[in-house]
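Chemist: First the structure, then my questions, so here it is.
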Amino acid sequence: MPGRLEPESVPRRDFLGLAGLWSAGLAILGSIAGMARLPKPRVLPETSSQFRIGRATDFAPGTVRVIGEQNVRVIGTNEGVAAMSLVCTHLGCIVSEEGGGFGCPCHGSKFDVAGNVVGGPAPAPLKWLDVSASADGSLVVDKGRSVAPGTYFKLA
Ligand code: FES
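Residue numbers for the sequence shown, in the numbering used here: 1054 to 1209.
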């Protein structure tokens, strides 16, 4: 016989019924939580490798512009416009202009003005990047597409 402080025992049938109700309740709550999360995208949008650099008229021959946030150097020449990555091909540090070419502050690689390796551990030249014109006439650099060194986007 249970005392005053002891809880009443729950018959087995009632216990199974309560467990079923609790399970159903948890399943319904889980479903509602799942539906509430549906409007949120589960993947983050990938940043584009393309970016605008301005109009063709901004890159008259002799123009040199470093786009710092993209680590890209854009030049205008009589042959057209070209873009070169400033990311060192050794381990990815950012090179800076030095001595008529580029130098890497991390391990001392040296590149000439065309991005060719002239010293240090870098295994490959700096990448030249694709330049194209968008529909509105802006020039677009694509950091995801390399082109052969010496490739210029011809201005009309
Ligand atoms: S990262 Fe440029 S030389 Fe190592």
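Just so it is clear, CB atoms sit at the ideal spot from N, CA and C, and this is done for glycine as well.
1. Quick one: Cα of F1104 to Cα of D1195, how far?
2. Can you tell me the Cα-Cα spacing of R1126 and S1138, whole angstroms?
3. Take the Cβ of K1207 as the centre, count every other Cβ of all protein chains shown within 10 Å, and call the residue buried at 16 or more, exposed below.
4. Do V1140 and G1164 have their beta-carbon atoms positioned less than 8 Å apart in this structure?
5. Can you tell me whether D1165 is helix, strand or coil according to DSSP?
6. Among the residues of its own chain, which have a CB less than 8 Å from the CB of R1108, if the five just before and after it don't count?
Modeler: Working from what's here:
1. Cα to Cα, F1104 sits roughly 7 Å from D1195.
2. Within the model, the alpha-carbon separation for R1126 versus S1138 is close to 6 Å.
3. Around the beta carbon of K1207, fewer than 16 other beta carbons sit within 10 angstroms, so the residue counts as exposed.
4. Residue 1164 is actually Phe in this sequence, not Gly. At a Cβ-Cβ threshold of 8 Å, F1164 and V1140 do not count as neighbours.
5. Residue state for D1165 is assigned as coil, using DSSP reduced to three classes.
6. The residues G1190, S1191, L1192, in chain order, have a CB closer than 8 Å to that of R1108 in the same chain once the five nearest residues on each side in sequence are set aside.
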